[in-house]
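Read the structure below first, then the notes.
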Amino acid sequence: GESVGLHLPTLSVQEGDNSIINCAYSNSASDYFIWYKQESGKGPQFIIDIRSNMDKRQGQRVTVLLNKTVKHLSLQIAATQPGDSAVYFCAENSYNAGNMLTFGGGTRLMVKP
Amino acid sequence: KAGVTQTPRYLIKTRGQQVTLSCSPISGHRSVSWYQQTPGQGLQFLFEYFSETQRNKGNFPGRFSGRQFSNSRSEMNVSTLELGDSALYLCASRIGLAGAQETQYFGPGTRLLVL
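Order-wise, the sequence lines are chains X and V. Per the working numbering, the first sequence runs over residues -12 to 100. Per the working numbering, the second sequence runs over residues 3 to 117.
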């Protein structure tokens, strides 16, 4: 079952290349940011998070960059694999909002073998 | 450790009916949040429950309600269903430490179709 929209921006990359997915957030008070991956028929899966006192955080094959000046977040995936094909969402949270996540619209990543 | 589970996975209802969806959080997690996902509106926050109390509520009509039990399991209810309520309903859980911004882990969702 499809769980995401039909008109998502799509990023198409070749297997083995690096991918960069971008996200603009709206609330300057947001201080916690998360990237989720959603495959067809599944719920969002946590990838990596970053707090506003950092501008970069690395995980396994993934890096998140945060630019608070322009309210921009990016997710870099190294050596993209077919299993990385999914829709990627950024989410923001501010302490004042409790634990209500505000999600971006999502980007569909397609990996060509 | 088992992840977040949601039941049922799929539902078909008709306009005017009501529906109840269930969510079991990860063991040890005390906070449960609900989100609605549609192609047009994306992922939107419905409400959060902690210790059987609603902590936060999104911008949805009163037809959407929820509750949490003492074992942290949660249910959400939608009354007088409308066609626009067709969506994937996602539940997410977190530990629930006071004052902490914690990662929320999502279940697979319940796909609701209103005819």
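C-beta atoms are modelled at their ideal positions from N, C-alpha and C, and glycine is treated no differently. The structure presented is a predicted model; accordingly, all values stated were derived computationally and were not measured.
Min CB distance residue i to chain V below 8 Å
i, result
"Asp42(X)", "no"
"Tyr75(X)", "no"
"Asp4(X)", "no"
"Asn86(X)", "yes"
"Lys24(X)", "no"
"Val(-9)(X)", "Any reading at Val(-9)(X) needs caution, since the residue's pLDDT is 36, under 50, leaving its predicted position unreliable; the model's value is listed next. Taking Cβ atoms only, chain V reaches closer than 8 Å to Val(-9)(X), which makes this a yes."
"Ile64(X)", "no"
"Lys55(X)", "no"
"Lys29(X)", "yes"
"Gly70(X)", "no"
"Asn14(X)", "no"
C-beta neighbour in chain X for residue i, strict 8 Å
i, result
"Glu77(V)", "no"
"Gly18(V)", "no"
"Pro63(V)", "no"
"Pro27(V)", "no"
"Thr7(V)", "no"
"Phe47(V)", "yes"
"Ser35(V)", "yes"
"Gln103(V)", "yes"
Neighbourhood of residue i by C-beta distance below 7 Å, restricted to the same chain and skipping five residues each side
i, result
"Pro10(V)", "Thr112"
"Ala11(X)", "Lys58 and His59"
C-alpha distance - residue i paired with residue j, whole-angstrom precision
i, j, result
"Ser27(X)", "Ala73(X)", "7 Å"
"Phe108(V)", "Arg48(X)", "22 Å"
"His59(X)", "Gln19(V)", "42 Å"
"Leu99(V)", "Met41(X)", "22 Å"
"Gln43(V)", "Pro27(V)", "25 Å"
"Asp4(X)", "Arg38(X)", "27 Å"
"Phe66(V)", "Gly30(V)", "26 Å"
"Leu48(V)", "Gln38(V)", "7 Å"
"Gly60(V)", "Gly85(X)", "11 Å"
"Thr40(V)", "Ile14(V)", "16 Å"
"Tyr68(V)", "Ser53(V)", "Per the sequence shown, the amino acid found at residue 68(V) is Gly instead of Tyr. Near 13 Å, if we compare the C-alpha coordinates of Ser53(V) and Gly68(V)."
Own chain residues within Cβ distance below 6 Å of residue i, not counting five before or after
i, result
"Val(-9)(X)", "Any reading at Val(-9)(X) needs caution, since the residue's pLDDT is 36, under 50, leaving its predicted position unreliable; the model's value is listed next. Hits under 6 Å: Val74 and Gly93."
"Leu85(V)", "Val116"
"Arg75(V)", "Ser26"
"Thr22(V)", "Glu77 and Asn79"
"Glu50(V)", "Ser35, Arg57 and Asn58"
"Ser24(V)", "Thr9 and Glu77"
"Ile35(X)", "Trp22, Gly46, Val49 and Val51"
Beta-carbon separation (whole angstroms), residue i vs residue j, contact threshold 8 Å
i, j, result
"Ser61(X)", "Ser17(X)", "In fact, because the Cβ distance is near 15 Å, the residues do not count as touching under 8 Å."
"Glu2(X)", "Gln68(X)", "6 Å"
Cross-chain neighbours of residue i in chain V, by beta carbon under 8 Å
i, result
"Asn83(X)", "The premise fails here: Asn83(X) is roughly 11 Å from chain V at the closest Cβ pair, so nothing lies under 8 Å."
Proximal residues of chain V, C-beta to C-beta of residue i below 9 Å
i, result
"Ile21(X)", "Thr105 and Gln106"
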